[in-house]
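Residue numbers (this note's numbering): 38 to 656.
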């Protein structure tokens, strides 16, 4: 018995899973139970913008014909069984007549189980059956994912050849019906729809998927550039340009990655390869394909098109955050993530929550005056999964934005990374010198934007900062700047971080977006900052002269018990006491140590700052 899953989201964004037999799903499509909502959606779409939100979308469940799902302990949907039913989507379509024509054309292939209009009315959903040559189906989620990666290119290629015969105003694209916020080809499905005349076939043959890794190669389009008419020079150039644009749009999809600053491409006959950057080799290959197809073009023509406004802009950060917006189920997923880090700091969970909100706010680009200046600092012995935890903070869709090999001495590269990466792990933080901590790094973490010159650029440009920082260390005493310690949230781990439980990323970031929209602070107030500085005292890097201070001096309780001395005078006494143990000392750093000492009185005189101390008798 084959089982599918219906996923319904209530008004509180809590997901409810319902499993039922595959055969009972098809009558639902032609049932009028959802026709009112679907018709309202179809009337809403023509007047909506890119960011419009349909208010009744939660009343339309998502149907996954390929899998029976169940919820694990963390609330993630995992596969229980695999049905072998695949869902393709064909579109965009402009009219009811085009939808009907595409539906009827799917009857040509014997693999079609059903074909019906999607909820938008602009696509056709095609459900087909597939299995291995021996009739078996994958039993594990990993095997099912590999099966789908092999099956969808074959199925898409077959249906593209057939549906290409249907006349449509737009070029028809056929691909897997992947949900926007789901990972992998296994989770293909469709929003519950209504079609009063769906194509439902009674006798079908399954598409046989061999167990080898070979996949079918789709037929390539060719363009007939034959033209017997004599053209003028201007009309010929315009015609060649239009032919080039048509050639590119027929074979490729392009987008300009606004974050990384380069163009990405995807072959329409090899969409399962994903999006890849357009480099010089790819650009030259496209130019050669165009010339082989009979177009009189050069690589500079390809370059001009790719760098023009004809290529749509794409922001991967906005796309991901928008896909999870409004889906929070009300549970504290950020707190659950913080609790996987064992430590004895009672404020850690709240401080981590504040930092996490600051990181997401940094991505949204709303911080125009100050950057996210907080830096969680995880301290423990080796093998406690600190670096693994840091990398797992980003979802798979944004893993490109993580780095842990930033070299702070290369300042230009660091500033450029601040505008292109999302999370920077300062691994082995104890190897950063006190000079860098107190200077460049201190300024870096509070920047709201960065000014850099692009390669081959003619002037310096201002880019918004995206990156937030996190740090790890195996050494306890590593903070060298007492006044700058307020930027670090230092915690010493009492055990290994639990990285075994999968993170529910959509809910994690949906919670962050909701809290930010509710104006929850993403910065520490003055009281919290004092608590952070107090907590960081145990991670303070102590220099020899600071350690010897307690042996040579004490803070007097009365006026008669001490004397006023400058930092240089105090340092000189310590140096006579310690001898060769004090070398290459820094008077300015020692002065900051005295200025931040609790209970030590100080005053400003014409000789500089003086401190009220009592010198102990020396042996």
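Don't be surprised by glycine CBs; every beta carbon is placed ideally from N, CA and C.
Hey, quick one: how far does the beta strand (DSSP E) through residue i stretch, first residue to last?
i           : result
residue 499 : 497-501
residue 189 : No beta strand (DSSP E) contains residue 189, which is instead part of the alpha helix (DSSP H) from 178-200.
residue 605 : Run containing residue 605: none in the beta strand (DSSP E); it sits in the alpha helix (DSSP H), 604-615.
residue 45  : 40-46
residue 114 : 114-119
residue 292 : 289-294
residue 462 : 460-463
Our contact map puts residue i next to residue j with C-beta atoms below 8 Å; I'd like the distance itself, whole angstroms only.
i           : j           : result
residue 456 : residue 500 : 4 Å
residue 189 : residue 170 : Contact doesn't hold; Cβ gap of about 18 Å is too wide.
residue 100 : residue 227 : 6 Å
residue 426 : residue 354 : The Cβ separation is near 21 Å, so there is no contact.
residue 82  : residue 123 : The Cβ separation is near 26 Å, so there is no contact.
residue 167 : residue 121 : 5 Å
residue 614 : residue 585 : 6 Å
Would residue i be called buried (16 or more neighbouring beta carbons within 10 Å of its own) or exposed?
i           : result
residue 569 : buried
residue 407 : exposed
residue 280 : buried
residue 462 : buried
residue 223 : buried
residue 409 : buried
residue 624 : exposed
residue 262 : Here the model assigns residue 262 a pLDDT of 38, short of 50, so the residue's position is not dependable, and the following value carries that caveat. By the neighbour-count rule (16 or more Cβ atoms within 10 Å), residue 262 is not buried but exposed.
residue 267 : Its pLDDT being 42, under 50, residue 267 is placed unreliably by the model, and nothing is read from it.
residue 544 : buried
residue 110 : exposed
residue 514 : exposed
residue 177 : exposed
residue 148 : buried
residue 256 : With a pLDDT of only 32 at residue 256, under 50, the local geometry of the prediction cannot be trusted, and no value is derived from it.
residue 392 : buried
residue 172 : exposed
residue 327 : buried
residue 305 : buried
residue 589 : buried
residue 422 : buried
residue 547 : buried
residue 140 : buried
residue 641 : exposed
residue 496 : exposed
residue 325 : exposed
residue 400 : buried
residue 531 : exposed
Along the alpha helix (DSSP H) that carries residue i, what are the first and last residues, could you check?
i           : result
residue 449 : 448-455
residue 489 : Residue 489 -> not in any alpha helix (DSSP H); beta strand (DSSP E) instead, spanning 486-490.
residue 102 : Element bounds for residue 102: n/a, residue is neither H nor E.
residue 644 : No alpha helix (DSSP H) holds residue 644; DSSP gives it neither H nor E.
residue 321 : 317-329
residue 423 : 423-429
residue 619 : Segment: none, residue 619 is in no alpha helix (DSSP H) and carries neither H nor E.
residue 58  : No alpha helix (DSSP H) holds residue 58; the beta strand (DSSP E) holding it covers 52-58.
residue 377 : Looking at the DSSP string, residue 377 is not in any alpha helix (DSSP H), and its letter there is neither H nor E.
residue 543 : 542-554
residue 572 : 563-572
residue 581 : 581-589
residue 79  : 72-81
Does residue i get closer than 7 Å to chain D when you measure Cβ to Cβ?
i           : result
residue 565 : Chain labels in this structure do not include chain D; a single protein chain is all it has.
Report task. Specify whether the stretch 479-493 and the stretch 382-396 touch according to this definition: at least 3 beta carbon pairs, one from each stretch, less than 8 Å apart. Result -> When Cβ pairs closer than 8 Å are counted between the two stretches, the stretch 479-493 is seen not to touch the stretch 382-396, the count staying below three.
Query raised in the report: Given 8 Å as the limit, is there contact between the stretch 445-465 and the stretch 478-487, that is, 3 or more CB pairs closer than that?
Result: The answer is yes - the stretch 478-487 touches the stretch 445-465, with three or more Cβ pairs under 8 Å.
Query raised in the report: Do the stretch 39-58 and the stretch 360-378 meet, that is, are 3 or more Cβ pairs less than 8 Å apart?
Result: The stretch 39-58, when compared against the stretch 360-378, does touch it at the 8 Å Cβ threshold.
Query raised in the report: Does the count of Cβ pairs from the stretch 519-538 and the stretch 469-482 closer than 8 Å reach three?
Result: Judged by Cβ distances under 8 Å, the stretch 519-538 makes contact with the stretch 469-482, as three or more pairs qualify.
Query raised in the report: Just checking, does the stretch 559-568 make contact with the stretch 598-614 on the three C-beta pairs under 8 Å criterion?
Result: Segments in contact, no.
Query - the stretch 577-587 touching the stretch 412-423, judged by at least three CB pairs closer than 8 Å - result: Flag = no, the stretch 577-587 and the stretch 412-423 do not touch.
Query - Contact the stretch 190-201 vs the stretch 65-85: 3+ CB pairs below 8 Å - result: No, the stretch 190-201 is not in contact with the stretch 65-85.
Requested in this report: State whether the stretch 285-303 contacts the stretch 340-352, with contact taken as three or more CB pairs (one from each stretch) at a distance under 8 Å.
Outcome: When Cβ pairs closer than 8 Å are counted between the two stretches, the stretch 285-303 is seen to touch the stretch 340-352, the count reaching three or more.
Query - Entirely enclosed beta strand (DSSP E) segments - the stretch 122-164, minimum 3 residues - result: As for any beta strand (DSSP E) of minimum length 3 sitting wholly inside the stretch 122-164, the runs are 122-128, 149-154, ordered along the chain.
Requested in this report: Output the residue ranges of the alpha helix (DSSP H) runs that lie fully inside the stretch 332-406 and measure 4 residues or longer, sorted by chain position.
Outcome: The alpha helix (DSSP H) runs lying completely inside the stretch 332-406 and spanning 4 residues or more are 336-343, 353-361, 370-375, 385-401, given in chain order.
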